[in-house]
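What follows is one structure encoded as structure tokens, with my remarks underneath.
Protein chains: 2
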Amino acid sequence: MRNPATLKKISDHLSVSISTVSRALKDHQDVSPETKRRVKELAEMLDYEPNSFAINLRKKHSDLFAVIVPEISSYFYHSFIEAVEEEARLKGFSIMILQSRNNPELESNNLRLCRYNHVAGVFIAVNNSSENHPAFKKMEDWDIPMVFFDKVPAEGNFNKVCMADEQAGALSAEKIVQKGHQHFIAVMGSPSMSITIGRENGIRTYLSKYAPGVTFDCLYVDHGEKVETLLDRYSNSELQGKLLFSMSDEILCGIIPFLNQRGLKLPADISLLTISNGFLPRLFSPQVCYIETNGNKLGKMAFNRMSEILDGKKVVCERLLDCEYFSGGSM
Amino acid sequence: MRNPATLKKISDHLSVSISTVSRALKDHQDVSPETKRRVKELAEMLDYEPNSFAINLRKKHSDLFAVIVPEISSYFYHSFIEAVEEEARLKGFSIMILQSRNNPELESNNLRLCRYNHVAGVFIAVNNSSENHPAFKKMEDWDIPMVFFDKVPAEGNFNKVCMADEQAGALSAEKIVQKGHQHFIAVMGSPSMSITIGRENGIRTYLSKYAPGVTFDCLYVDHGEKVETLLDRYSNSELQGKLLFSMSDEILCGIIPFLNQRGLKLPADISLLTISNGFLPRLFSPQVCYIETNGNKLGKMAFNRMSEILDGKKVVCERLLDCEYFSGGSM
DNA sequence: AACTTTTTCGCAAACGTTTGCGGAAAGATT
DNA sequence: AATCTTTCCGCAAACGTTTGCGAAAAAGTT
Chain L
12 MRNPATLKKI SDHLSVSIST VSRALKDHQD VSPETKRRVK ELAEMLDYEP
62 NSFAINLRKK HSDLFAVIVP EISSYFYHSF IEAVEEEARL KGFSIMILQS
112 RNNPELESNN LRLCRYNHVA GVFIAVNNSS ENHPAFKKME DWDIPMVFFD
162 KVPAEGNFNK VCMADEQAGA LSAEKIVQKG HQHFIAVMGS PSMSITIGRE
212 NGIRTYLSKY APGVTFDCLY VDHGEKVETL LDRYSNSELQ GKLLFSMSDE
262 ILCGIIPFLN QRGLKLPADI SLLTISNGFL PRLFSPQVCY IETNGNKLGK
312 MAFNRMSEIL DGKKVVCERL LDCEYFSGGS M
Chain A
12 MRNPATLKKI SDHLSVSIST VSRALKDHQD VSPETKRRVK ELAEMLDYEP
62 NSFAINLRKK HSDLFAVIVP EISSYFYHSF IEAVEEEARL KGFSIMILQS
112 RNNPELESNN LRLCRYNHVA GVFIAVNNSS ENHPAFKKME DWDIPMVFFD
162 KVPAEGNFNK VCMADEQAGA LSAEKIVQKG HQHFIAVMGS PSMSITIGRE
212 NGIRTYLSKY APGVTFDCLY VDHGEKVETL LDRYSNSELQ GKLLFSMSDE
262 ILCGIIPFLN QRGLKLPADI SLLTISNGFL PRLFSPQVCY IETNGNKLGK
312 MAFNRMSEIL DGKKVVCERL LDCEYFSGGS M
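First to last, the protein sequences are chains L and A. Under the numbering used here, think of the first position of the first sequence as 12, with each following residue one higher. Under the numbering used here, think of the first position of the second sequence as 12, with each following residue one higher.
Laid out in structure tokens, this is it:
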């Protein structure tokens, strides 16, 4: 549009002041019904839409939330994003999505972008590698509320919503023990991630408490290493009858092709239990048993927390989302 | 930050004018090296970051692209988004993601939001149901460039980048014919979608030209109907030896559980060919044969087109992304 | 010494909106 | 008829930045 309608343009046409137009459009009591009618009519006709830049310049912040994730290409993250987007929309907010790709520099840049755009708040799942504390603190200085989700900094006083990782680990261990396995192989993500630590701790704690005899090999998929190569150390006969525990959907996506390639059948040759968002496990035959980590629920929980903060409940807190076991036929 | 640094604040401290500070920070030739040094030093110290609202208010548009998709939860879309995000970032843009959920009203609202935020451009995959032409035209009036991708309006003079749907259909038909099938079952998406029409046309055209004897049942998954219920009309014996063609990943995700439930084995009992982004087909055993629709490549193509438009090449055009066949073991 | 050129900087307007304050006109109350 | 309310509206400043223009000071040219 060469000349988008502005308050000034409307006011000129109607020979009233800009202020009156502004007030008329928001039904301010200080303007007569008749004037309101005329203003609104003309605004409609001229296709007036307010200019967000000017509005935000006054308000000093925008109706935009940022979501920062390592990678958007993950079932968990995009179900999280979907939930946040939906809640945000209902409250008149939009969301901006940024990827940090496990690159601390990108993460800092993304945070700078959030400041630059004066976002109303930031939802962030942090990188595997680093804990970018100075950058996080800077957001506090700028009064931009942050809600950490899923992958959260281990240290520091932050608002966090996450899966109950310890619980998920413990629940996994419980199911494995129930099935009578004395030994199993756990395929975990990067050992520097909070979720890896939490889930492994959950397993260890449960085992030492309720099944001290049960042991497990713990493999870590780190730095783009492939699940397949990690598992290649085991021969088929070593795997026979064993149980594989997968920490996440990403890892499951490595395990499945490995099993296919080795010709190992579920659950006859090998058992499988995963932590998952629930989409993938149901596609296979037999369906893979999983502990659910629900991105959607976590997204709603995160948004609620954000709303509270925006409403003034600034005291930092940490929330956990319980998880459930879904039985498939893989063990 | 209670009081974020502004040009004015810096200028006060240094007893120079706001203009000089502004110019110093962008290395304008009109300011002396010494002044530049002092300004930059103080700016650094005060943690100055420019205010995007004020900048955009002058520039009249932001460094933000919008991506509008029916649902973010689709491999294809989020690989597309990922590609666009990456390209955008390299050029100093961010992206805002909006879902229209096959709801024309939401779609219009999203477009309004794009206008409100004066985005630099819009990437949009349209709804199944409607063709929201007035809303699209309005964006033109506002000089906001739009690039339609994947699901594009059938009518209208718009910039489009899409998969070569006809080609994908034809290639599918070719592979099916090559395998010697005289009849097959095609499971398609909503018949109002451009991709459905294109892909089906591709199949029909190929068949009538090169294999007039080959026929197929054409099923449409529409309005949230489930693939499973659609396929329930066929008995196992009717399906024995048949080939199922799936138009997309979404449909594949319905077919796989159906086959599992019916106990039909690939490729012994039934054959399967799908059009896919390539992630899912490789997870199964045997791997599912597919025609690749590459979201990443399409994303890059769309971004290139957008860049061209922004650089002044405003003439509308339509681009197609070729597709390839990947052989699995499902037929 | 008188001039031109270059260097360096500030003034002020503009982008579009919101809002506190004050004022005129109309109506209501003595 | 004088005073007080109420209704309706405009003025002007503010948000933070950019930029054309002009001007003072410094440097260079005769």
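All C-beta atoms in this analysis are idealised placements derived from N, C-alpha and C, irrespective of residue type, glycine included.
- Between serine 259(A) and glycine 323(A), the gap from beta carbon to beta carbon reaches 8 Å or more.
- Among the residues of the stretch 95-110 of chain L, those with a Cβ less than 9 Å away from any Cβ of chain A are Glu96, Glu97, Arg100, Ser105, Ile106, Met107, Ile108, Leu109 and Gln110, in the order of the chain.
- Relative to the Cα of tyrosine 336(L), the nearest Cα in the group Arg244(L), Leu294(L) and Ile286(L) belongs to Ile286(L).
- Residue burial is scored here from C-beta neighbours: serine 257(A) has at least 16 other C-beta atoms within 10 angstroms and is therefore classed as buried.
- For the stretch 257-269 of chain A, the set of residues with a beta-carbon nearer than 8 Å to any beta-carbon of chain L comprises Cys264, Ile267 and Pro268, in chain order.
- Taking a cut-off of 8 Å on C-beta distances, the stretch 218-235 of chain L touches the stretch 175-188 of chain L, as three or more cross pairs fall below it.
- Bounds of the alpha helix (DSSP H) holding phenylalanine 87(L) are 86-101.
- In the three-state reduction of the DSSP assignment, histidine 24(L) falls in the helix class, which pools H, G and I.
- Taking a C-beta cut-off of 7 Å against chain L, the contacting residues of the stretch 66-89 of chain A are Asn67, Leu68, Ile83, Ser84 and His89, listed in chain order.
- The beta carbons of glutamine 178(A) and glycine 132(A) sit no closer together than 8 Å.
- With 16 or more other CB atoms across the displayed protein chains lying within 10 angstroms of its CB, threonine 207(A) is buried.
- Around the beta-carbon of lysine 220(L), fewer than 16 other beta-carbon atoms lie within 10 Å, marking it exposed.
- Glutamate 303(L) places its beta carbon 8 Å or farther from that of cysteine 264(L).
- Within 7 Å of the CB of arginine 126(A), the CB atoms of chain L belong to Glu60, in sequence order along the chain.
- Taking CB atoms only, histidine 144(L) has no neighbour in chain A less than 8 Å away.
- Between the alpha carbons of asparagine 307(A) and glutamate 93(A) lies a gap of roughly 7 Å.
- For the beta strand (DSSP E) assignment, the uninterrupted runs of no fewer than 3 residues enclosed by the stretch 281-328 of chain A are, from N- to C-terminal side, 282-287 and 300-303.
- Checking the DSSP bridge columns, you'll see glycine 132(L) partnered with Phe76(L).
- Contact note: arginine 293(L) reaches chain A through Pro268, using a C-beta cutoff of 8 Å and chain order.
- Residue contact with chain A for phenylalanine 64(L): present (Cβ-Cβ distance below 8 Å to some residue of chain A).
- Bridge pairing for lysine 171(A): Phe159(A) and Glu329(A) [DSSP].
- Of the other Cβ atoms in all chains shown, fewer than 16 fall within 10 Å of the Cβ of asparagine 247(L); this residue is therefore exposed.
- For a Cβ distance threshold of 7 Å, residue set Asn271 of chain A lies close to serine 296(L), ordered along the chain.
- Where phenylalanine 269(A) is concerned, the enclosing alpha helix (DSSP H) starts and stops at 260-273.
- Of the other Cβ atoms in all chains shown, fewer than 16 fall within 10 Å of the Cβ of threonine 240(A); this residue is therefore exposed.
- The criterion of a C-beta distance shorter than 8 Å is not satisfied by phenylalanine 87(L) and phenylalanine 134(L).
- Looking only at Gly289(A), Asn138(A) and Gln298(A), the smallest Cα-Cα distance to asparagine 271(L) is reached by Gln298(A).
- Chain-order list of chain L residues neighbouring isoleucine 92(A): Ile83, by C-beta distance under 7 Å.
- Going by DSSP, methionine 56(L) is part of the alpha helix (DSSP H) stretching over 44-57.
- Proline 15(L) reaches chain A at Trp153, counting residues in chain order whose Cβ is nearer than 8 Å.
- Inter-residue distance for glutamate 211(A) and valine 78(L) is about 38 Å (C-alpha atoms, whole angstroms).
- Boundaries of the beta strand (DSSP E) harbouring methionine 107(A): 105-110, taken from the DSSP string.
- Between leucine 250(A) and histidine 192(A), the C-beta spacing is not below 8 Å.
- Non-local beta-carbon contacts of glutamate 60(A) in its own chain, meaning distances under 8 Å to residues more than five positions away in sequence, involve Pro15 and Ala16 in chain order.
- Taking one beta carbon from each stretch, the stretch 56-73 of chain A and the stretch 165-180 of chain L have fewer than 3 pairs nearer than 8 Å; the two do not touch.
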